[in-house]
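Positions in the sequence shown are counted from 1; adding 214 to them yields this note's numbering.
First up is the structure itself, then whatever we jot down about it.
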Amino acid sequence: MDMLAPGGTTKRALLIWGGLLALVVVAFIATVVILNATVYSASGFVRGYLGALDRGDTNSALHLAGVQPGAEDDLLAVPEEGRVRDFHTTRDVVSGGVHRVAAEFRLGRDEGGQDGKDSNDGQDSKNSQSEIRRATFAVERDGTIAGLFSGWKFTTAPTASVEVTPLHDPRFEANGVDIRAASADLATRYTVLAPAVFDLTHDSTYLTAKTTTVVAASPGTVARATVSVVPKASFLSKVKVDVTKYLKTTCLPQRVLLPAGCPFGEEVDDRLTSDPRWSMTTYPPVALRATATPGVWLVTRATGRAHLEVDTQSLYDGSDVPISRDVPFQVEYLVTIGSDNGLTITPR
Numbered sequence: 215m216d217m218l219a220p221g222g223t224t225k226r227a228l229l230i231w232g233g234l235l236a237l238v239v240v241a242f243i244a245t246v247v248i249l250n251a252t253v254y255s256a257s258g259f260v261r262g263y264l265g266a267l268d269r270g271d272t273n274s275a276l277h278l279a280g281v282q283p284g285a286e287d288d289l290l291a292v293p294e295e296g297r298v299r300d301f302h303t304t305r306d307v308v309s310g311g312v313h314r315v316a317a318e319f320r321l322g323r324d325e326g327g328q329d330g331k332d333s334n335d336g337q338d339s340k341n342s343q344s345e346i347r348r349a350t351f352a353v354e355r356d357g358t359i360a361g362l363f364s365g366w367k368f369t370t371a372p373t374a375s376v377e378v379t380p381l382h383d384p385r386f387e388a389n390g391v392d393i394r395a396a397s398a399d400l401a402t403r404y405t406v407l408a409p410a411v412f413d414l415t416h417d418s419t420y421l422t423a424k425t426t427t428v429v430a431a432s433p434g435t436v437a438r439a440t441v442s443v444v445p446k447a448s449f450l451s452k453v454k455v456d457v458t459k460y461l462k463t464t465c466l467p468q469r470v471l472l473p474a475g476c477p478f479g480e481e482v483d484d485r486l487t488s489d490p491r492w493s494m495t496t497y498p499p500v501a502l503r504a505t506a507t508p509g510v511w512l513v514t515r516a517t518g519r520a521h522l523e524v525d526t527q528s529l530y531d532g533s534d535v536p537i538s539r540d541v542p543f544q545v546e547y548l549v550t551i552g553s554d555n556g557l558t559i560t561p562r
């Protein structure tokens, strides 16, 4: 058997190892090229941003967007988890070093229809969930990552604006997060990350609002929504109980013709020979209406009927004249909801 010379063995080993090293280098370079063309491309950067929005990872989304929330940017920190769906990029057009990346996506939770919700983007709520949305994002190179992968940033921040008008109460919820507007009945403009989709509603002890969905699909757009706050049935019931209790416990026990602080009373010209006795024939119905002052509601003017029983003696001929008659009266109250959700009812 021929024996290989030591020098030949070493040379062959070097060739093998050199070939393997070359393959590793080529594979590494190919991997870097592929990653730069996909994950670390302009389109990949946009997909990463949309993915952060869909995951509800607002910190990552804000970082990628290059946006620092201010004190009044309440909606910037509200997560859109599960509301940016089926996203993908469709093209990347380069001009002057700026990549304009077009993307398609669907907005809103995939819940098989959204009955009971209003949509504020020009579409009915069910179609709003299934419609394909489109937006274009401008990005540019921003150095490298680890000296190998392309870094990117948005040329123009991917933000939009949402104007919310909460009627009758400044408080509302956006995707389950409590928000307080600058004022009720006035539009407050919020900066949001686009695409943005928020389910707006109100749910407090005595007030509620039907959920409305507002969508700002593209950067630079302005979307508007109104949260119409109305009394709950429990609010109406509570006010009715309190009004009835006041009339029953404060007014009816007073043995005078004109009960103090009460909406009813009667004047009698003859001399009284017994104490007046009051009862209630019909309690006034209670209906609530918003006022121009947030947190203050009006019990609209309503009519009730009290009943008066009293014995009198005629000043004309001295005869006994018993009185038993209904006395109609009207009520109108202002109801204030306190910070502790206590109710203060005052006559108007």
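Note that CB positions come from ideal geometry on N, CA and C, so glycine has one too.
The three-state secondary structure of threonine 223, taken from DSSP, is helix.
Secondary structure within the region 247-295: not one fully enclosed beta strand (DSSP E) run of 3 or more consecutive residues is present. About 6 Å separates the beta carbon of serine 493 from that of leucine 466, a gap short enough to meet the 8 Å contact definition. The straight-line gap separating the alpha-carbon atoms of glycine 265 and valine 298 is approximately 8 Å. DSSP places leucine 234 in the helix class (H, G or I) of the three-state scheme. With fewer than 16 other Cβ atoms from the protein chains shown falling within 10 Å of its own Cβ, glycine 532 counts as exposed.
Only buried fits aspartate 268, as 16 or more other CB atoms lie within 10 angstroms of its CB. By the CB criterion at 7 Å, tyrosine 420 and threonine 458 fall outside the cutoff. When C-beta atoms of the region 282-292 are compared with those of the region 385-403, three or more pairs fall below 8 Å, so the two segments count as touching. Distances from the alpha-carbon of glycine 270 to those of Ala374, Ser375, Val411 and Glu387 put Val411 closest. Isoleucine 551 counts as buried, since no fewer than 16 other beta carbons sit within 10 angstroms of its beta carbon. Taken through DSSP and simplified to helix, strand or coil, tyrosine 460 comes out as helix. Across the set His302, Thr350 and Pro283, the C-alpha of Thr350 shows the shortest separation from the C-alpha of alanine 316.
For serine 448, the closest alpha carbon among the candidates Tyr547, Gln468, Leu502 and Val406 is that of Leu502.
Counting the other Cβ atoms within 10 Å of the Cβ of threonine 427 gives 16 or more, which makes it buried.
Judged by DSSP secondary structure, glutamate 546 falls within the beta strand (DSSP E) whose first and last residues are 534-551.
Beta-bridge partners of threonine 304 (DSSP): none assigned. Secondary structure note for isoleucine 559: its beta strand (DSSP E) is the uninterrupted segment 557-561. Fully contained in the region 439-512 are the following alpha helix (DSSP H) runs of length 4 or more, in chain order: 447-460. As the crow flies, the alpha-carbon of leucine 400 is around 10 Å from that of aspartate 383. Annotation for arginine 320: the continuous beta strand (DSSP E) segment containing it runs 312-321. Taking a C-beta distance under 7 Å as the contact criterion, glutamate 523 and arginine 491 qualify as a contact pair. Counted as a single uninterrupted DSSP element, the beta strand (DSSP E) harbouring tyrosine 404 occupies residues 402-407. Per DSSP, alanine 395 is not a residue of any beta strand (DSSP E), being assigned neither H nor E.
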